[in-house]
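Going by UniProt numbering, the residue at position 273 of the sequence shown is 273; the numbering climbs one at a time, nothing skipped.
Just so it is clear, CB atoms sit at the ideal spot from N, CA and C, and this is done for glycine as well.
In what follows, a structure is listed as structure tokens, so that the remarks can point back to it.
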Amino acid sequence: MANRHKRSRRDSRILTNLASIAKFLAQSSDSTTTAALDALLTPKTDEVPSASMAHQIVRATLNDTVAAASLLASYDAWEARVLAPSQSRLSSELMLTTSGTPASRGSSHDLLAKLTKRREEVEREEMTRALMFEEDERSHENIYIFYIESLVAMETPLILEQDAAHREFVRLLQKCLDPSIMLKRLNFERVLAVRSPTDNMVLRMVDSATNMHCIVHTMRCASVDEADNVVMLARQLHHHRPPHTVEVLHVFQYMYQQFATHGNLNECWPVVFVVTEDCMEGGYWLPPSPRPPLPPADILHILNAVSGALAALHSQHICHWNLNARNLYRSSVYAIDDAAGERRQQLKLGGFLAFKQPFTQDDLSKLLSIVHPSLVPPELTRTSRCTSGMMLNEKTDMWMLGCLLYSLVTGMVLIRASRAGEESVDDHD
């Protein structure tokens with residue numbers, strides 16, 4: 001700020017001196033030039049200047065004149081630079097002036113055409129992707145519809161079978177004049193199996209009093225002797241409760257009677273309901289033969305359970321006569337296995353032959369009509385006639401236990417059914 005103020009004072013002094021010189025040159029003549037110059041250079045003080053001082057004044061005046069000239073020149077350059085247009089303004093004006101030329105108009109048109117073409121290509125690509133997405137959505141929807149239709153087609157027969165089994169159970173209860181309290185509080189859940197050709201059903205029910213699951217075997221017997229034999233076996237199992245055996249919870253028998261509209265009796269047969277515990281863990285499933293042999297620890301575990309169950313049953317003169325791997329069920333109780341030394345689920349033996357196909361004591365000599373052909377002992381062949389001394393007994397169960405052991409060790413069935421179309425022992429329960 002101090003330098004700027006000093007420079008402005010000097011410039012004003014130079015301009016004042018220049019104005020005085022110009023005025024002097026305009027008003028003086030040759031005769032008065034020296035006197036006027038002396039008057040101009042003479043200081044206003046009363047002292048008379050010396051020659052050296054006069055030269056200094058002249059030198060200072062000349063220096064001021066040169067500085068004033070350079071100042072005027074620099075001022076003109078500064079004024080020209082300030083008043084000159086900016087570069088951006090010149091470039092914009094140049095663009096405006098050149099945009100109107102035919103060449104510029106042609107290049108702009110080409111650029112606009114390229115941009116329009118590119119935009120159309122992008123729009124077409126977007127449309128193609130949208131169509132592909134819609135087609136994919138329709139294909140997924142068609143697949144889902146096909147899946148639902150297939151599921152309905154597969155489930156419809158099962159649903160119809162469940163409804164038919166439920167209606168049959170209700171019809172059997174309605175024909176009973178005085179059903180037991182246990183049967184009254186059972187609610188239908190699903191049908192597990194339908195025995196052919198007797199159409200006896202295996203139903204899973206729920207006890208409304210205890211909210212526990214149970215299995216109900218409905219058996220239509222051909223005679224009272226068959227019904228009595230089934231009831232006797234069920235009551236023995238309920239009373240003794242042998243170990244490693246499916247527990248029998250309840251048994252009920254009544255005479256089914258159906259009358260015509262005019263009062264005649266059309267149908268009459270005994271019906272037996274056997275209620276057993278439900279092993280919710282499911283059966284001891286084995287793949288169909290041929291299959292890989294089981295580990296020795298599993299084989300010993302199965303043999304311990306089955307042999308213990310057979311020993312307890314035979315001690316009460318009860319025979320199974322339908323021994324195979326499909327009639328082994330897993331209990332929810334765990335115990336330490338002595339052979340393996342680890343905790344395992346306890347196995348229970350079920351699927352008694354009397355609960356599948358009711359028979360009488362006289363039918364024990366008709367081996368082929370009772371026991372599956374693949375489980376027939378060698379001494380009782382198809383061609384031989386069974387006499388009173390060759391009836392089914394505890395030895396038949398032991399033979400079946402040996403067949404089960406052979407199947408577990410080798411993965412094959414010991415004796416296959418000889419009749420064409422006969423199912424194997426693995427499919428027989």
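- Taking C-beta atoms as the reference points, alanine 309 and proline 242 count as a pair closer than 8 Å.
- Shown here, valine 246 sits in coil according to DSSP, grouped into three states, outside any helix or strand.
- Beyond the five residues adjoining it in sequence on each side, serine 332 comes within less than 8 Å, by CB distance, of Cys279, Met280, Glu281 and Gln345 in the same chain, given in chain order.
- When secondary structure is reduced to three states using DSSP, alanine 335 falls in the strand class.
- Selection His301, Ala227 and His320 evaluated against glutamate 342 yields His301 as nearest (Cα-Cα).
- Under DSSP, isoleucine 215 forms a beta bridge with Arg204 and Thr276.
- Judged by DSSP in its simplified three-state form, tryptophan 321 adopts coil rather than helix or strand.
- A residue is called buried when at least 16 other Cβ atoms come within 10 angstroms of its Cβ; aspartate 178 does not meet this threshold and is exposed.
- When Cβ pairs closer than 8 Å are counted between the two stretches, the region 191 to 211 is seen not to touch the region 259 to 269, the count staying below three.
- Counting along the chain, the unbroken beta strand (DSSP E) around glutamine 346 starts and ends at 343 to 349.
- A straight line joining the alpha-carbon of glutamine 316 with that of phenylalanine 355 spans about 18 Å.
- Taking the CA atoms as reference points, glutamate 189 sits about 35 Å from asparagine 264.
- In this structure, leucine 349 places its C-beta atom within 8 Å of the C-beta atom of histidine 244.
- Tyrosine 334 and glutamine 257 have their alpha carbons spaced roughly 46 Å apart.
- Rounded to whole angstroms, leucine 392 and tyrosine 147 show a C-alpha spacing of 51 Å.
- In the displayed model, proline 293 falls within coil according to three-state DSSP, outside both helix and strand.
- By a beta-carbon distance limit of 8 Å, isoleucine 318 contacts leucine 233. Their separation comes to about 7 Å.
- Secondary structure at methionine 255: strand, using DSSP grouped into helix, strand and coil.
- Looking only at Ala222, Gln174, Ser307 and Arg235, the smallest Cα-Cα distance to glutamate 247 is reached by Arg235.
- The DSSP assignment places 181 to 184 as complete runs of the alpha helix (DSSP H) inside the region 165 to 206, in order along the chain (cut-off: 4 residues).
- A straight line joining the alpha-carbon of methionine 412 with that of phenylalanine 133 spans about 54 Å.
- Under the three-state reduction of DSSP output, leucine 328 falls in the strand class.
- For glutamine 361, the closest C-alpha among the options Glu121, Ser223 and Ala312 is that of Ser223.
- The bridge partners DSSP lists for glutamate 137 come to none.
- In the structure shown, cysteine 221 falls within a coil segment according to DSSP collapsed to helix, strand and coil.
- Of the other Cβ atoms in all chains shown, fewer than 16 fall within 10 Å of the Cβ of phenylalanine 259; this residue is therefore exposed.
- In this chain, the alpha helix (DSSP H) harbouring leucine 353 covers 353 to 356.
- Rounded to whole angstroms, the separation of the alpha carbons of glutamate 141 and threonine 116 is 37 Å.
- Judged by DSSP secondary structure, leucine 404 falls within the alpha helix (DSSP H) whose first and last residues are 394 to 410.
- Cβ neighbours of alanine 209 within its own chain (closer than 8 Å, five residues either side excluded): Arg185.
- Rounded to the nearest whole angstrom, the C-alpha separation of proline 358 and isoleucine 215 is 17 Å.
- For cysteine 176, same chain residues with a beta-carbon under 6 Å away, outside a window of 5 residues either side, are Tyr254 in chain order.
- Assignment of glutamate 281 by DSSP, reduced to helix, strand and coil, places it in the coil class.
- Secondary structure at asparagine 266: strand, using DSSP grouped into helix, strand and coil.
- With fewer than 16 other Cβ atoms from the protein chains shown falling within 10 Å of its own Cβ, tyrosine 144 counts as exposed.
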